[in-house]
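Residue numbering for the sequence shown follows our numbering, beginning at 66 and increasing consecutively.
Where a beta carbon is used, it is the ideal one built from N, C-alpha and C, also for glycine.
Step one of this worksheet: look at the structure below.
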Amino acid sequence: MKTKLLILLSLIIGLSLSVVNANESDSAATVNGVVITKTQVDIQAASVPDATEAQKKAILVQLIDLEILRQEAIAQKIDKDPVVANQISHQIAQTYVSELLKKEFKDYKTSDEDLVKAYQAKIKDMPKIEYKASHILLKKEDEEKAKKIIEDLESGKDFAALAKEHSTGPTGKNGGDLGWFPLKTMVKEFSDSLKVMKKDGHSKTPVKTQFGWHIIKLIDKRDLEPPKMADMKDQLTPEILNNAVGEYIKKIKNKAKITIK
């Protein structure tokens, strides 16, 4: 119940602070002498496109309910609870920050130069090659069994058939096929073994990872083309804005006198 009241209190904190200077002509209702203004109703209604009089009336009823509950919360001294007071203060601060950033960045537009820089930085860290491989996964205690399967492969037995027969991994039923993937999606031991392997080659010794013992086969590899900048624009644009906000915060912070105790 305290959490719900906290939310309600934070929603109407502006109401309780502004009623003192309300003009009589701006009064929409009173609750135990506290004025709810038409201006406050209009502010809430602004979030509803083309709000009707019925919708404005519903908003007024909601504000009345909130004020009643605010007064009851204060009567029960919930506003004196330091945890509640701190959380309300935090929510008010967040509202101030939100409005500040809206004001500062309302006309912000991502430049082509910023977009190109963000795109180049993004694709720089993207994998350049992807691999198609299969594997046979055995339990941690089955190293000798893994060695025997490698001997079977050396004698000409089919990898997919051996995977279906012996692999304990979920891909076993598909012949161990892992599909296409960049190396960074695999654990290091697996990736290190695969990247030095020749096409159609397989592990000459079992590869140990946290999952058990692997026998790996490289089926193919190919260059991985990065996505086009136009296709990434919707992803990059908010990231660029976030970076701009971060720089703005850093600039403001550098002006502040901060003491950490």
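*In terms of residues, what are the limits of the alpha helix (DSSP H) holding T160?*
P147 to F170
*Could you check what DSSP says for Y196 in three-state terms: helix, strand or coil?*
strand
*To the nearest angstrom, report how far apart I139 and A150 are at their CA atoms.*
11 angstroms
*Count the CB pairs spanning the region 256–265 and the region 218–231 that are closer than 8 angstroms, and state whether there are at least three.*
no
*Helix, strand or coil: which one does DSSP assign to K282?*
strand
*Euclidean distance between Cα positions of L125 and D115*: 16 angstroms
*From G277, K171 and E169, residue whose alpha carbon lies closest to that of I201*: G277
*With A198 and I281 assumed to form a contact (beta carbons below 8 angstroms), what rounded beta-carbon distance in angstroms separates them?*
6 angstroms
*From which residue to which residue does the beta strand (DSSP E) around S258 run?*
Note, S258: premise wrong, no beta strand (DSSP E); alpha helix (DSSP H) at K253 to K260.
*To the nearest angstrom, report how far apart I108 and D190 are at their CA atoms.*
46 angstroms
*Keeping to the same chain, check which residues put their C-beta closer than 6 angstroms to that of V113; ignore five residues upstream and five downstream.*
Q120
*Output yes or no for whether 7 angstroms exceeds the beta carbon distance between T274 and E254.*
yes
*What residue from G221, V272, K145 and G240 has the CA that sits closest to V252's CA?*
V272
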